[in-house]
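Structure, as structure tokens:
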Amino acid sequence: MKGLKCTACKDEAILRIKRHHAAFCQRCFKMFIQKQTIQAIKKYQMFSKKEPVLLAVSGGKDSMALWSVLTDIGNQITAIHLDLGIPNFSKQSLQAVQQFAQDKGLPLIVIHLKELLGHSLPELQNKIPRPACSVCGLIKRYLLNHYAFHHDFSVLATGHNLDDEAATLLGNLLRWREGYLQHQSPCLPSDYPGLVKKVKPFYTLTDQEILWYAQQMKIPFCDSICPLSQKASSLDFKKALNVIEEQSPGTKHYFLFHYLEKKQFLFPEKQPKVVLNNCSSCGMPTTQEKCSFCSILETAQSKSQLFIGKNDIEL
Ligand code: AMP
Ligand code: ZN
Numbered sequence: 284m285k286g287l288k289c290t291a292c293k294d295e296a297i298l299r300i301k302r303h304h305a306a307f308c309q310r311c312f313k314m315f316i317q318k319q320t321i322q323a324i325k326k327y328q329m330f331s332k333k334e335p336v337l338l339a340v341s342g343g344k345d346s347m348a349l350w351s352v353l354t355d356i357g358n359q360i361t362a363i364h365l366d367l368g369i370p371n372f373s374k375q376s377l378q379a380v381q382q383f384a385q386d387k388g389l390p391l392i393v394i395h396l397k398e399l400l401g402h403s404l405p406e407l408q409n410k411i412p413r414p415a416c417s418v419c420g421l422i423k424r425y426l427l428n429h430y431a432f433h434h435d436f437s438v439l440a441t442g443h444n445l446d447d448e449a450a451t452l453l454g455n456l457l458r459w460r461e462g463y464l465q466h467q468s469p470c471l472p473s474d475y476p477g478l479v480k481k482v483k484p485f486y487t488l489t490d491q492e493i494l495w496y497a498q499q500m501k502i503p504f505c506d507s508i509c510p511l512s513q514k515a516s517s518l519d520f521k522k523a524l525n526v527i528e529e530q531s532p533g534t535k536h537y538f539l540f541h542y543l544e545k546k547q548f549l550f551p552e553k554q555p556k557v558v559l560n561n562c563s564s565c566g567m568p569t570t571q572e573k574c575s576f577c578s579i580l581e582t583a584q585s586k587s588q589l590f591i592g593k594n595d596i597e598l
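In this note's numbering, each residue carries its 1-based index in the sequence shown increased by 283.
Encoded structure:
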């Protein structure tokens, strides 16, 4: 960026972040990303340097960049990747994850859905009458939490960023989903045995900033969009917010951060706590008699005449 100086060191800048009224050279941009991540971790007391963290890596830019940042700043990270068996997309994702782990010598766990459950994600989706992203989200949440809990990780980190969180907030507001609104947070504590703490250390960074970071640091990542998520409404919410952001930089940031600050005053009366019990099939926490994961598996198995008992889910 000719003529533009780095706000921090006055060297030539390579990029500009309008919402922060700042420009950075490569070195100071790396420091900016690290500082934002450290501040987010501290603000919400996500985890300490001593705590082993399970990081869910999809192979996309966000979780790959987060893997790199958390490792650089000295956290104890074990990465976990779910190979969902989506043609082409899952292969590219797995390649990125394995390449990074190998290049940096980092611990990585890979779980292949087809091997574990007998069905890939597209196969499951064909058998379950629910929107594609809802089945995928449910399976991912269950398996990641299950692995973390059974392997003594008290914290599960994901790569959700400011754009993801702002789009979720907009979606929940548009439909007045009060329960979801009240619980939206970059840090969800573990409030029931079997549910680990969930954290989002990148919630202050945008899609664009993380993309720049991954490119500058030459981090491998899969840049295709999941073919099964192309109709997801969250993509429309992101697009809508980007149109507004273009006109007035900082809107997304303001929308999310002020919501998080005002949330406690907007919902002064705590909604009654959801009553959880243990799934009659797998023992994990659920609001029903049998959890949605076990119900989905049962439906899929009865449709394919395949039986994989509950005890076979050994992660
Ligand atoms: P998404 O819901 O695809 O936007 O992903 C949000 C976050 O969930 C990512 O940043 C990852 O931390 C995690 N995630 C998504 N897909 C996977 C996967 N296949 N394996 C492990 N983690 C994943
Ligand atoms: Zn269950």
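The beta-carbon is built from N, C-alpha and C at its ideal position, and this holds for glycine as well.
Among the options, whose alpha-carbon lies nearest the alpha-carbon of residue i?
| i | options | result |
| --- | --- | --- |
| L518 | L494, T451, K333 | T451 |
| K586 | C509, G477, I411 | I411 |
| K332 | Q359, Q513, R424 | Q359 |
| S341 | T290, Q328, G286, R424 | R424 |
| T441 | T361, A583, P568, P532 | T361 |
| K374 | S507, H443, L543 | S507 |
| Q664 | L427, C416, F436 | Outside the shown range of the chain (284 to 598) lies residue 664, about which nothing can therefore be said. |
| N560 | E572, Y463, I392 | E572 |
| K325 | A583, A515, P484 | P484 |
| G533 | C292, K288, H303, S578 | H303 |
| I316 | W495, Q530, L539 | W495 |
| N525 | H434, F540, R458, A449 | A449 |
| H433 | K288, I502, C565, S346 | C565 |
| S516 | G388, K387, P414 | P414 |
| F330 | T582, I502, K481 | K481 |
| F538 | Q381, E581, D446, V418 | D446 |
| G343 | I502, L580, P390 | I502 |
| T582 | L464, N409, K556, E544 | N409 |
| N371 | K535, Q584, P405 | P405 |
Assuming residue i contacts residue j (C-beta within less than 8 angstroms), just tell me the rounded distance between them.
| i | j | result |
| --- | --- | --- |
| A306 | M284 | 7 angstroms |
| A348 | A523 | Incorrect: roughly 25 angstroms between the Cβ atoms, too far for contact. |
| L337 | V438 | 7 angstroms |
| C505 | I369 | Contact flag wrong, Cβ pair sits at about 11 angstroms. |
| L365 | L407 | With 8 angstroms as the limit, L365 and L407 do not qualify as a contact, their Cβ atoms being about 12 angstroms apart. |
| I392 | I363 | 5 angstroms |
| C577 | L511 | About 22 angstroms separates the two Cβ atoms, so there is no contact after all. |
| C311 | A291 | 4 angstroms |
| H429 | M567 | 6 angstroms |
How many Å lie between residue i and residue j at the Cα?
| i | j | result |
| --- | --- | --- |
| I591 | T570 | In this prediction, I591 has a pLDDT of 41, which is less than 50 and means its spatial position is unreliable; what the coordinates show is noted afterwards. About 23 angstroms. |
| C574 | S563 | 8 angstroms |
| G357 | E334 | 11 angstroms |
| F444 | I493 | Before going on, a small fix: residue 444 reads as Asn here, not Phe. When rounded, the distance between both Cα atoms is 8 angstroms. |
| Q499 | L456 | 35 angstroms |
| R460 | F550 | 13 angstroms |
| L605 | E528 | No information on residue 605 is available, as it lies outside the stretch 284 to 598 that the chain covers here. |
| L377 | A431 | 20 angstroms |
| L453 | F520 | 7 angstroms |
| I394 | Q328 | 29 angstroms |
| C289 | E295 | 6 angstroms |
| Q491 | R458 | 27 angstroms |
| L580 | L389 | 32 angstroms |
| Q385 | Q530 | 42 angstroms |
| Y463 | K546 | 12 angstroms |
| K387 | G286 | 36 angstroms |
| L543 | K556 | 20 angstroms |
| Q381 | Q309 | 26 angstroms |
| F383 | V558 | 41 angstroms |
| D345 | Q584 | 34 angstroms |
| K293 | L396 | 50 angstroms |
| Y486 | D435 | 25 angstroms |
| P472 | A379 | 30 angstroms |
| field | Touch test, the stretch 312–330 against the stretch 353–362, Cβ-Cβ under 8 angstroms, three pairs minimum | value | Using a C-beta cut-off of 8 angstroms, the stretch 312–330 makes contact with the stretch 353–362, since at least three inter-stretch Cβ pairs fall below that distance.
| Segment contact, 8 angstroms Cβ cut-off, at least three pairs: the stretch 466–482 with the stretch 401–408 | With the cut-off at 8 angstroms, the stretch 466–482 and the stretch 401–408 do not touch.
| query | Three or more C-beta pairs closer than 8 angstroms, one from the stretch 463–471 and one from the stretch 293–302: is that the case here? | reply | Contact between the stretch 463–471 and the stretch 293–302 is absent, because fewer than three Cβ pairs lie under 8 angstroms.
| said: Tell me which residues pass a beta-carbon proximity test against the ligand ZN: closer than 5 angstroms to any heavy atom, given in chain order. | reply: For the ligand ZN, the selected residues are C562, S564, C565, C574, C577.
| Under 5 angstroms, CB to nearest heavy atom of the ligand AMP: contacting residues | Those residues whose C-beta sits under 5 angstroms from the nearest heavy atom of the ligand AMP are, from N- to C-terminal order along the chain, A339, S341, D345, S346, H364, L365, T441, G442.
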